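Shown next, in structure tokens, is the structure this report addresses.
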Amino acid sequence: MPNYPRTIQIYLPSGDPQGIRVAAITTRILQLIEIPRANLTTLGYPIFEPLIKDRRGAECVNPGTQHLSATPDPTSALFFCCADGVDAHARYTEERLVVLAGSYGRSEASASSPENSPGYYAKRQALTEQGAIRIEDGRAIFPQDTLFKNPSPAAVFLMGRSSNGWTEWKDAQNRTLADVPGRNHNSSENPT
């Protein structure tokens, strides 16, 4: 008898899904695997909801301008990457940095760009082929929300040069992404 699963059943909890449960029935055993919802996106399966739920406050402004974020939660606050030829906005979520649709950056890479790096070029080509980046009127436009596991590649693609995303992305109070309290789950406020 083969030992591969005969039937796979997926059980979704009612209401707000917290995870996914898979039961694999083989000829000899019943194997139950539970994957927490937060891990599904880590595995590359953002199947339950869009990358960004709340679209309020998604307009890009200059980082020095006073702007109230639509969400007080620091892990989903609005961040901006603004420079000459770059006008981008993103939210930092539990899945990481989501560059919002409508953001645009430079279509041409500068001399200091990692464009000569095969990894950078391949990733940008892949994003272009997937439709996540569109070159139009001399701009690299994000027509849809695009997830980056690290803010630095997002900044590099937008700025067209080597960039540290932790310092390029800033909130309405002009704080860098690295300086925003509550961003890191391991960090805690000093109780003194």
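Its first residue numbered 473, the sequence shown is counted upward by one per residue in my numbering.
For each residue, glycine too, the CB sits at the ideal point set by N, CA and C.
Source: prediction; values computed, not measured.
Distance, Cα to Cα, residue i vs residue j?
i	j	result
GLU567	LEU619	8 Å
LEU599	GLU640	21 Å
LEU649	ASP556	20 Å
ALA612	THR565	23 Å
ARG633	GLN645	25 Å
GLU580	ARG647	28 Å
GLU601	SER635	23 Å
TRP638	PHE552	11 Å
SER541	ILE607	At SER541 the pLDDT is 37, less than 50, meaning the model places this residue with poor confidence; the figure from the coordinates comes in the next sentence. The alpha-carbon atoms of SER541 and ILE607 are separated by roughly 29 Å.
Considering only their Cβ atoms, is the gap separating residue j from residue i smaller than 8 Å?
i	j	result
TYR576	VAL628	no
ALA562	ASP643	no
MET631	ARG578	yes
PHE614	VAL571	yes
If we count the other Cβ atoms within 10 Å of its Cβ and call it buried at 16 or more, is residue i buried or exposed?
i	result
LYS621	exposed
ASP488	Bear in mind that the predicted position of ASP488 carries a pLDDT of just 45, short of 50, making it too unreliable to give a figure here.
ALA594	exposed
ASP609	exposed
GLY603	exposed
SER624	buried
VAL652	buried
In terms of alpha-carbon separation, which member of the options lies closest to residue i?
i	options	result
GLY574	SER624, PRO623, TRP638, ILE605	ILE605
ALA560	GLN645, ASP617, VAL652	ASP617
CYS554	ALA626, VAL652, GLU601	ALA626
Of all the alpha helix (DSSP H) runs that stay within the bounds of the segment 547–616, which reach a length of 4 or more residues? 590–602
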